[in-house]
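Participant: Structure in structure tokens, see below.
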């Protein structure tokens, strides 16, 4: 130690007598010494005496087997901690040592805290998952079924990501004529979770929405974190509209996936889940019809075979009149089964016709039959929505309900 540097603290060289310090001066010098020596350090310890007053600050003690230190975490830092602090938890704390001058007590003011042995976000995910599971938010019994043929679909995602393009591409390819409502939101970063939750709540106020897709493309745990926030989970749980969660890729599992009525492994699969292909739907109805007809036919064969065995048995050969009655009964049963079969087939036919009519009602040809037409560029075959980009003399193709014509632009009118 350089004695000349410490001498002014202990001895008044001018008056040649010991320098007397006030308690405040001593405490301030101790604070300066500690703050210079123990600045921006990592400390490992076990949490005890955890306190969270209404001020928003957090107070606790970090200890090991032999010692302990008081710790303070101010509100601005505490609000950024994703996981739940608990007594007995081992943590790594980053901060600086200072002195609380009013009491002359040294303490650690921390700026960051991490659970020991596991990432903060992973621990926060596990803690929230455990709590929501106990509340029943993941219960399969409360999950709502998806509609067979939705008329109106809502999508909550970013307008700039690949997810919206993938979803729309699949829907338009499989069953284009459905109404789609897109509610654009931030899907990562500060405020994203609140935007997503608000979007879900707002869409539940719009009538006749049949199903909702909530999601985004893949990313890191940090990128997907908005879909692990409790506010989003509770909005999905409270939704009256069935919700499909489509977050990231197959390996990414979020809290939103667990709460949603259906999890899609990717945004593309969400589009496949929400609407069936027309040919698949028609094929399914044909298979149902065939199984029904075959089932009724098999029942008739079983009954006929049973009655024939009775007729040919020894005990019934003599009383021929009884056989005649059984034959009459067979005819009546056969007639009843045929009648029931026709009625059942007619019901299935009407149901199929109803589904086909619903499909036909949204067909572009239906719109054309009411006097409308579709105008496309003769060169690119792309639809013309306005006069923007048109020039006099440009060739156009106009399609009517029956037939098409080739025309050219004579004059452009605003």
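Numbering (this note's numbering), first residue to last: 229 to 642.
The beta carbon of each residue, even a glycine, is placed where N, CA and C say it ideally should be.
Note that this is a predicted model, so its numbers are computed, not measured.
1) So residue 503 packs on residue 384, CB below 8 Å; how close in whole Å?
2) Work out the CA separation of residue 275 and residue 315 for me, nearest whole Å.
3) In the structure shown, what three-state DSSP assignment does residue 321 receive?
4) Would you grab the beta carbon distance between residue 270 and residue 349 for me? Rounded to a whole angstrom, and I think it's under 8 Å.
5) Spell out the partners DSSP gives residue 490 in its beta bridges.
6) According to DSSP, what are the bridge partners of residue 270?
7) Starting from the N-terminal side, write out each stretch of the alpha helix (DSSP H) that is 4 residues or longer and does not extend beyond the stretch 416-444.
8) Please report the Cβ distance between residue 355 and residue 311, rounded to the nearest whole angstrom; I am assuming they are in contact, meaning their Cβ atoms lie under 8 Å.
9) Quick check: residue 424 and residue 467, are their CB atoms within less than 8 Å of each other?
10) DSSP three-state label for residue 527, please.
11) If you measure between the beta carbons of residue 494 and residue 477, is that distance less than 8 Å?
12) Just to confirm my understanding: we take residue 465, look at its own chain, exclude 5 residues before and 5 after, and list those with CB closer than 6 Å. What are they?
13) In the DSSP assignment, the alpha helix (DSSP H) including residue 495 goes from what residue to what residue?
14) Within the stretch 546-613, note down every full beta strand (DSSP E) run reaching 3 residues or more, in order along the chain.
15) When we look at the beta-carbon of residue 490 and count the other beta-carbons within 10 Å, is it buried (16 or more) or exposed?
16) Determine the extent of the beta strand (DSSP E) in which residue 382 is found, giving its start and end residues.
17) Along the chain, where does the beta strand (DSSP E) containing residue 627 start, and where does it finish?
18) Smallest Cα separation from residue 519: which of 295, 357, 332 and 572?
19) Look at the Cβ atom of residue 605, then the Cβ atom of residue 624, and state whether they are nearer than 8 Å.
20) Can you tell which of 471, 335 and 416 has its C-alpha closest to the C-alpha of residue 370?
21) Kindly indicate which three-state DSSP category residue 721 falls into: helix, strand or coil?
22) My output table needs one value for residue 405: the three-state DSSP class, helix, strand or coil.
23) Please list, in chain order, all residues of the same chain as residue 484 whose beta carbon is under 7 Å from its beta carbon, the five residues on each side excluded.
24) Within the same chain, show all residues whose beta-carbon is closer than 7 Å to that of residue 565, passing over the 5 residues directly before and after it, in chain order.
25) Between which two residues does the beta strand (DSSP E) harbouring residue 340 extend?
26) From the DSSP output, in three-state form, read off residue 483 for me.
27) Do residue 578 and residue 516 have their C-beta atoms closer together than 8 Å?
28) Alpha carbon to alpha carbon, what distance is there between residue 323 and residue 398?
29) What residues in its chain sit with their C-beta under 6 Å from that of residue 232, if we drop five residues either side in the sequence?
Facilitator: In short:
1) That pair is no contact at about 17 Å.
2) C-alpha separation (whole angstroms): 5 Å.
3) The DSSP-derived three-state label of residue 321 is strand.
4) A Cβ-Cβ separation of about 19 Å leaves residue 270 out of contact with residue 349 under the 8 Å criterion.
5) Answer by DSSP bridge pairing, in chain order: 472.
6) Residue 270 is bridged by DSSP to 322.
7) Whole alpha helix (DSSP H) segments, 4+ residues: 420-431.
8) A Cβ-Cβ distance of about 6 Å is found for the pair residue 355 and residue 311, placing them in contact under the 8 Å criterion.
9) No, Cβ-Cβ distance for residue 424 and residue 467 is not below 8 Å.
10) Residue 527: helix per DSSP, three-state reduction.
11) The answer is yes: Cβ separation under 8 Å.
12) 365 and 487.
13) Going by DSSP, residue 495 is part of the alpha helix (DSSP H) stretching over 495-502.
14) The qualifying runs are 602-605.
15) That one is buried.
16) Judged by DSSP secondary structure, residue 382 falls within the beta strand (DSSP E) whose first and last residues are 380-385.
17) Segment 623-627, the beta strand (DSSP E) holding residue 627.
18) Looking at 295, 357, 332 and 572, the one whose alpha-carbon comes closest to that of residue 519 is 572.
19) Yes, the Cβ-Cβ distance between residue 605 and residue 624 is below 8 Å.
20) Restricting attention to 471, 335 and 416, the CA atom closest to the CA of residue 370 is found in 471.
21) The question about residue 721 has no answer here: the residues shown for the chain are numbered 229 through 642.
22) It is coil, neither helix nor strand.
23) Counting only Cβ-Cβ distances below 7 Å, and skipping sequence neighbours, we find 442, 455, 460, 461, 464, 473 and 475.
24) Only 524, 527 and 528 meet the Cβ criterion.
25) Taken as a continuous stretch (DSSP letters only), the beta strand (DSSP E) holding residue 340 covers 333-343.
26) In the structure shown, residue 483 sits in a helix (DSSP, three-state: H, G or I).
27) No. Outside cutoff.
28) Roughly 51 Å between the two C-alpha positions.
29) Since pLDDT at residue 232 reaches only 43, below the 50 mark, its modelled position is unreliable, and no value is offered.
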